[in-house]
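Enquirer: Here's a structure for you.
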Amino acid sequence: MPASKVLTSLENSAGDHCVDIFVRADGTFGFEEYRRDPEDVNGWFSLHRYSLQVFATAEDALAQAKSRVAWLALDGG
């Protein structure tokens with residue numbers, strides 16, 4: 502299965518969590534939350550919570566991300 506294309510990546514103010522909004526090869530959209538630890542040089546890690554959910558538009562995916570990821574709503578993502 503081809504990789505999804507990230508449309509936007511929203512990072513929290515602390516720089517240790519982000520949410521990617523992406524489009525899949527089949528034209529559906531989704532989002533996923535990631536984290537990183539400053540002491541870990543490997544970068545971002547998926548929290549594997551949301552990526553299997555399917556949305557018709559990027560706007561729908563973003564709205565659901567804001568309703569499900571607490572820091573995203575607080576940081577004004």
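Positions 502 to 578 (my numbering) are the ones given, in order, by the sequence shown.
Cβ coordinates follow ideal geometry from the N, Cα and C atoms, glycine included.
All values derive from a computational prediction rather than experimental measurement.
Quick check: the Cα distance between residue 517 and residue 507, rounded to an integer number of angstroms?
Expert: By 1-based counting over the sequence shown, the position of residue 517 is 16. By 1-based counting over the sequence shown, the position of residue 507 is 6. So the alpha carbons of these two residues sit roughly 18 Å apart.
Enquirer: Could you name the residues of the same chain whose beta carbon sits closer than 8 Å to that of residue 582, not counting the 5 residues immediately before and after it, in chain order?
Expert: Residue 582 lies beyond the residue range present for the chain, which begins at 502 and ends at 578; the question has no answer from this structure.
Enquirer: Using only the alpha-carbon positions, how far apart do residue 562 and residue 540 sit?
Expert: As a working mapping, residue 562 is identified with position 61 in the sequence shown. As a working mapping, residue 540 is identified with position 39 in the sequence shown. Roughly 31 Å separates the two Cα atoms.
Enquirer: How many Å lie between residue 525 and residue 534 at the Cα?
Expert: Position 24 of the sequence shown, counted from the first residue, corresponds to residue 525. Position 33 of the sequence shown, counted from the first residue, corresponds to residue 534. Rounded to whole angstroms, residue 525 to residue 534 spans 16 Å at the Cα level.
Enquirer: Where does residue 560 sit, in a helix, a strand or coil, going by DSSP?
Expert: Against the sequence shown, residue 560 aligns to sequence position 59. Three-state result, residue 560: helix.
Enquirer: What are the boundary residues of the alpha helix (DSSP H) that includes residue 575?
Expert: Within the sequence shown, numbered from 1, the residue matching residue 575 stands at position 74. 571-575 is the extent of the alpha helix (DSSP H) around residue 575.
Enquirer: Enumerate in chain order the residues of its own chain whose CB-to-CB distance from residue 556 is below 6 Å, with the five nearest sequence positions on each side excluded.
Expert: Taking the first residue of the sequence shown as 1, we reach residue 556 at position 55. Excluding sequence neighbours, residue 556 sits near 530 and 562.
Enquirer: Give me whichever residues DSSP pairs with residue 479 in a beta bridge.
Expert: No information on residue 479 is available, as it lies outside the stretch 502 to 578 that the chain covers here.
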